[in-house]
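*Asks:* Each step along the sequence shown adds one to the number in UniProt numbering, with nothing skipped, and position 271 is 271. Where is the CB? At the ideal position from N, CA and C, for every residue including glycine. Since the model is a prediction, treat every value here as computed from it, not as a measurement.
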Amino acid sequence: MKKKEKGTAPKPRKKIDFGDLFNNNTFVLIFSIIMGIIVWFTIYVDQRPNSNTFITDVPITINYENSMAKDLGLEIIGDTQYTTDVQVNGKKYKITRLKPEDFTAQVSLANVTEPGEYTLPVQVIRKQSDPEYSVIYWTTTEVKLKFDKVVTKQFPIEIIAPGLSAAEGYLMETPYADIDFLTVKGPEADVNKIDRCVINIDTEDELTESFNTSGTVVLLDKNGDPVKSDQLDMDNQDLISVTIPIYKAKTLPLQVEFVNIPRGFPISELSYTLSRSSLLIASPSETIDSLDAITIGPIDFRTIDVGSEITLDIDLKAGLKNVENVESVTVKFPTYGLSSKQLEVSNFVLENVPSGYEATVLTQRLRNIKIVGVTGIVNDLNSDDLVGTVDMSQDSVKTGRYNVTVKIYCQGGVLAWAVGEYTVDVNVRQKAS
1 MKKKEKGTAP
11 KPRKKIDFGD
21 LFNNNTFVLI
31 FSIIMGIIVW
41 FTIYVDQRPN
51 SNTFITDVPI
61 TINYENSMAK
71 DLGLEIIGDT
81 QYTTDVQVNG
91 KKYKITRLKP
101 EDFTAQVSLA
111 NVTEPGEYTL
121 PVQVIRKQSD
131 PEYSVIYWTT
141 TEVKLKFDKV
151 VTKQFPIEII
161 APGLSAAEGY
171 LMETPYADID
181 FLTVKGPEAD
191 VNKIDRCVIN
201 IDTEDELTES
211 FNTSGTVVLL
221 DKNGDPVKSD
231 QLDMDNQDLI
241 SVTIPIYKAK
251 TLPLQVEFVN
261 IPRGFPISEL
271 SYTLSRSSLL
281 IASPSETIDS
291 LDAITIGPID
301 FRTIDVGSEI
311 TLDIDLKAGL
321 KNVENVESVT
331 VKFPTYGLSS
341 KQLEVSNFVL
351 ENVPSGYEAT
361 VLTQRLRNIK
371 IVGVTGIVND
381 LNSDDLVGTV
391 DMSQDSVKTG
401 RYNVTVKIYC
411 QGGVLAWAVG
421 EYTVDVNVRQ
431 KAS
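Here it is in structure tokens:
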């Protein structure tokens, strides 16, 4: 059997002796060069003159919140986005790392106390104090800002169509838009310049029917010039629909309607005058062609006295337009040629007594009946010429006693009539079977 060989023990590492290194000329040379470079660089950086550079696009902040301008209700009109370039001086290694966020550029509104335009200074400061650089200049040293109250106002829309007209026999009514008012919002000074809100229609034509088109709104001042402002906001800046209404027109005579005309009275011979004899009307349809007159009234004949003046409202049927806007007409009855007198009536006639009943006038006579008419006729009348008719169909008849209206007329169909309302007592009973 062979004997195992003994292993060789590792040699111990030799420790570096820095003292020996400095006895090595090569090491000392290299070390001296490195240390020289470090010292040179330190002295170079420390002694090198400061550099200048610009930090561009630093945003300018306008201190609107908590300002007097805000408390007064003033708003900034126009652009509020401003920037400035800031020039700094300092160590190059420092200033090359600066960004816009490292600065605050701001405008104070302390001097803004009323509406108007202001030139306000811009102040730039560092957000953090640093002795290695300083701010020496900024390009935007002041900004111009306009302040005003922002108001909202409504204006009626007016349509201007000088080239459009109605053909003969037709009438052009006031043009209108599909919205009545335009709402404008903006600086009070600009809004106050607005006098009118118009849509101009340039079409030229002679119309026989309504015309539909569209247009845009133009704001005009009191001189008729456009109001120029890019700060005004309108609630409708699109095309607005416009209608030019065309009506067929016709002048029609006025005629008076009477009620409670005495029996046999010659109404065509009654004399009176109207404050106007005709009326201009218009209609969008052809139905106007079938009309021959406009009826006003009625006038109750029992109210007509010598020299009476009765005012009647003009009420037109649906679809007809009163072009001249005449609201009423006065009917005048003459004073000359008419007279009156007091008579009594005792001749009463019962009419329309229901079947199965019989009626009796209990009133023997009515005194002080005022009769009006042509003087010559009235002078010749006496009580025997008067008749009072009692229409029993005017009430729901039952047995008993009633006070009912009596209509009085002059016999013979003469131009005379009774003025006023009168009643008589009537007794009703069932007929004996």
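Quick check on DSSP: helix, strand or coil for Ser51?
*Replies:* strand
*Asks:* Report the CB separation of Val326 from Thr389 in whole angstroms; it is logged as a contact under 8 Å.
*Replies:* 38 Å between Cβ atoms; not a contact.
*Asks:* When you compare only the Cα positions, how much space is there between Ile371 and Phe211?
*Replies:* 58 Å
*Asks:* Please classify Thr84 as buried or exposed, where buried requires at least 16 other C-beta atoms within 10 Å of its C-beta.
*Replies:* The residue is buried, with at least 16 neighbouring Cβ atoms inside 10 Å.
*Asks:* Which runs of the alpha helix (DSSP H) fall wholly inside the stretch 116-158 and span at least 4 residues, in chain order?
*Replies:* none
*Asks:* Look up Val378 in the DSSP assignment and say whether it is helix, strand or coil.
*Replies:* helix
*Asks:* What did DSSP end up calling Asp230 once you bin it into helix, strand or coil?
*Replies:* coil
*Asks:* Kindly identify the DSSP beta-bridge partner or partners of Lys321.
*Replies:* Ala282
*Asks:* Mind pulling the beta strand (DSSP E) runs of 3 or more residues that sit fully within the stretch 147-216?
*Replies:* DSSP runs (the beta strand (DSSP E)) wholly in the stretch 147-216: 150-160, 164-166, 170-172, 181-187, 196-200, 205-207, 211-215.
*Asks:* With a Cβ-Cβ cutoff of 8 Å, do Lys144 and Glu117 count as a contact?
*Replies:* yes
*Asks:* How many angstroms separate the CA atom of Glu5 from the CA atom of Leu29?
*Replies:* Because the pLDDT at Glu5 is just 49, under 50, the model does not fix this residue reliably, and the point stays unresolved.
*Asks:* Quick check on Glu101: does DSSP put it in helix, strand or coil?
*Replies:* helix
*Asks:* Count the other C-beta atoms from every protein chain shown that fall within 10 angstroms of the C-beta of Ser290, then say buried if there are 16 or more, exposed otherwise.
*Replies:* exposed
*Asks:* For the putative contact between Val86 and Val135, defined by C-beta atoms under 8 Å, what is the C-beta separation to the nearest angstrom?
*Replies:* 6 Å
*Asks:* Decide yes or no for the touch test of the stretch 268-277 against the stretch 228-238: beta carbon pairs closer than 8 Å, at least 3 of them.
*Replies:* no
*Asks:* Mind checking Gly373: buried by the 16 CB within 10 Å criterion, or exposed?
*Replies:* buried
*Asks:* Helix, strand or coil for Ser339, going by three-state DSSP, please let me know.
*Replies:* strand
*Asks:* Thinking just about the alpha-carbon of each residue, which of Arg263, Val218, Arg365, Phe181 is nearest to the one in Glu344?
*Replies:* Arg365
*Asks:* If Ile296 and Val323 are in contact, beta carbons under 8 Å, what's the gap, nearest whole angstrom?
*Replies:* With a Cβ gap of about 16 Å, Ile296 and Val323 do not count as contacting.
*Asks:* Can you pull the DSSP bridge partners for Gly388?
*Replies:* Phe348, Ile408
*Asks:* Taking the C-alpha atoms as reference points, what is the distance between Lys99 and Ile55?
*Replies:* Lys99 and Ile55 have their C-alpha atoms some 6 Å from each other.
*Asks:* Identify, in the order they occur along the chain, each residue of the same chain with its Cβ nearer than 8 Å to the Cβ of Ser271, setting aside the five sequence neighbours on each side.
*Replies:* Only Phe333, Pro334, Gly337 meet the Cβ criterion.
*Asks:* By DSSP, does Phe265 sit in helix, in strand, or in coil?
*Replies:* Reduced to three states, the DSSP call for Phe265 is coil.
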